[in-house]
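Just so we're aligned: 121 in the UniProt record's numbering is position 121 of the sequence shown, and the numbers increase by one with no gaps anywhere.
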Amino acid sequence: MTATTKSETTALTVVERAAVALGSSKLQGELVALAKKSADITEIKNAAGRDQCHAAMMALANTRTSITKTGKAARDDANAFSKAVIAEEKRLIDLIEPEELRLRTLRDGWDEAREAEKRAKAEAEARRIAAIREHINDIRSIATRMVGCASHAIAVEIEDLEALSVTLDRFQELTGEAEAARGETLDKLSSMYRAALDAELEAARIKAEQEAEAARLAAEREELARLRAEAAKRDEEAAAARAAEEKRIAAERAEADRIARERLEAEEAELRAERERQAAEAKRLADEREALERQQREAEAAERRRVEEQQAAEAAAAARVREAADLMLDALRQWKHAEETGDADELENARAARDQAITAATL
């Protein structure tokens with residue numbers, strides 16, 4: 001019997017019991033007849049009609065009240081019976097419930113102990129698997145840790161990983177996964193090693209080229225410094241030569257003046273002594289003196305022109321050297337900018353400018 005069928009049977013039994021308590025099988029027909037008895041009363045037209053309606057209504061009301069009283073008495077009896085059943089139910093249950101609870105506690109304790117054992121075994125198994133997976137993950141993480149490392153460091157990791165023993169005792173049911181992880185990691189490390197080695201070789205090549213270029217630029221700077229030093233030395237020598245020449249000219253001029261003065265004084269003394277006797281000679285001497293002074297002026301003018309021409313030539317040479325130095329400095333700046341920007345055309349122009357500066361300095 002299903003729960004639904006049992007519920008329907010129980011409900012029908014309760015209804016039957018209620019019908020018996022109220023006498024429904026007999027009373028139902030009487031009530032229907034009583035209700036039909038007053039069906040023809042549809043309107044009150046006078047006092048007699050009102051009395052008729054009232055009498056019919058009271059008959060119905062009294063019957064209803066009687067049914068209510070009978071129902072209440074049945075309910076009160078049912079409630080008293082229900083309470084008695086509940087009390088007896090509790091008394092009977094109290095006789096066996098403590099033993100049931102004791103046995104339930106024993107059973108639940110045993111079941112909990114078995115569940116605890118299962119959980120402990122499951123946790124131990126999970127820890128075992130987790131430890132193996134952690135080892136496998138460590139193998140996989142080697143490639144990540146080696147990103148950006150030097151080739152020799154990667155080579156050490158490759159050697160260590162190749163030496164790692166992947167055995168069934170060590171990795172158990174995950175041995176295949178561990179072997180695959182090692183193979184994948186070795187492939188990655190090998191690629192990383194080749195890439196790192198290529199990068200290091202390229203870096204070494206670039207460094208060597210940069211060092212060679214730096215050495216060349218240093219040599220050029222040294223050469224430029226030497227040219228500047230030579231130009232400065234020539235300027236100093238030219239200045240010293242000009243000073244010596246000016247000093248020599250001044251000395252010669254002073255000596256010439258001294259000689260001229262002495263000669264003039266001697267001539268004047270002689271002229272004064274022999275003025276009357278050598279008037280003609282005095283004129284000749286005066287002419288000679290004038291010629292001598294003219295020659296001296298011409299000689300001095302020629303010397304000054306020579307010195308000025310020499311000074312102009314030396315100044316022009318110094319200017320060429322300074323111009324060459326400026327050109328060389330501009331060429332070096334252009335060279336440096338070309339290297340920083342990687343402009344090959346500008347680098348070639350810088351070389352040409354450098355050669356032009358060297359040529360200008362050596363003319």
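Every residue gets a Cβ at the ideal spot worked out from N, C-alpha and C, and that includes glycine.
Thr144: member of the alpha helix (DSSP H) spanning Ala47 to Arg145, first to last residue.
7 Å or more divides the Cβ of Glu202 from the Cβ of Ser151. Only buried fits Arg354, as 16 or more other CB atoms lie within 10 angstroms of its CB. Here DSSP, grouped into helix, strand and coil, assigns Asp40 to coil. If you compare the alpha carbons of Leu174, Tyr193, Ile41 and Leu329 with that of Glu223, the shortest gap goes to Leu329.
Between Ala325 and Leu227, the beta carbon gap of about 7 Å places them in contact (Cβ cut-off 8 Å). Only residues of its own chain outside the window of five on either side were considered, and among them Leu217, Leu347, Ala350, Arg351 and Arg354 have a CB closer than 8 Å to the CB of Trp335, listed in chain order. Using a Cβ-Cβ distance cut-off of 8 Å, the stretch 228 to 235 and the stretch 307 to 324 are in contact, since at least three pairs of beta carbons, one from each stretch, lie closer than that value. Between the alpha carbons of Ala251 and Ala273 lies a distance of about 32 Å. By the neighbour-count criterion, in which 16 or more other beta carbons inside 10 Å mark a residue as buried, Met146 falls on the buried side. In its chain, beyond the 5 residues on either side, Ala260 have a beta carbon closer than 8 Å to the beta carbon of Glu293.
Contact between Leu161 and Leu186 holds, with the beta-carbon distance rounding to 6 Å and staying under 8 Å. When secondary structure is reduced to three states using DSSP, Leu168 falls in the helix class. Pairwise C-beta distances place the stretch 26 to 45 out of contact with the stretch 91 to 103, as fewer than three of them are shorter than 8 Å.
The stretch 107 to 123 makes no contact with the stretch 136 to 146, as fewer than three CB pairs between them are under 8 Å.
Of the residues assessed, Leu189 falls on the buried side of the cut-off, its CB having 16 or more other CB atoms within 10 angstroms.
Our two residues, Ala59 and Lys83, have alpha carbons roughly 36 Å apart in a direct line.
As the crow flies, the alpha-carbon of Leu332 is around 20 Å from that of Lys207. For a cut-off of 8 Å, the C-beta gap from Ala196 to Ile154 is around 6 Å, short enough to register as a contact.
A residue is called buried when at least 16 other Cβ atoms come within 10 angstroms of its Cβ; Met192 meets this threshold and is buried. Counting C-beta pairs closer than 8 Å gives fewer than three between the stretch 163 to 181 and the stretch 116 to 124, which falls short of the contact rule. Glu276 sits in coil when the DSSP states are folded into three classes, being neither helix nor strand. Between the alpha carbons of Glu339 and Glu209 lies a distance of about 12 Å. The Cβ atoms of Ala180 and Phe171 do not sit closer than 7 Å to each other. For Glu173, no alpha helix (DSSP H) run applies, since DSSP gives it neither H nor E. If you draw a straight line from the Cα of Glu213 to the Cα of Ala313, it is about 37 Å long. If you look at Ala150, you'll find it isn't in any alpha helix (DSSP H); DSSP assigns it neither H nor E.
The three-state reading of DSSP puts Asp257 in helix, counting H, G and I together.
One thing to note: Thr70 has its Cβ within 7 Å of the Cβ of Leu22. DSSP places Asp330 in the helix class (H, G or I) of the three-state scheme. When DSSP states are grouped into helix, strand and coil, Gly23 belongs to the coil group.
Under the three-state reduction of DSSP output, Asp160 falls in the helix class.
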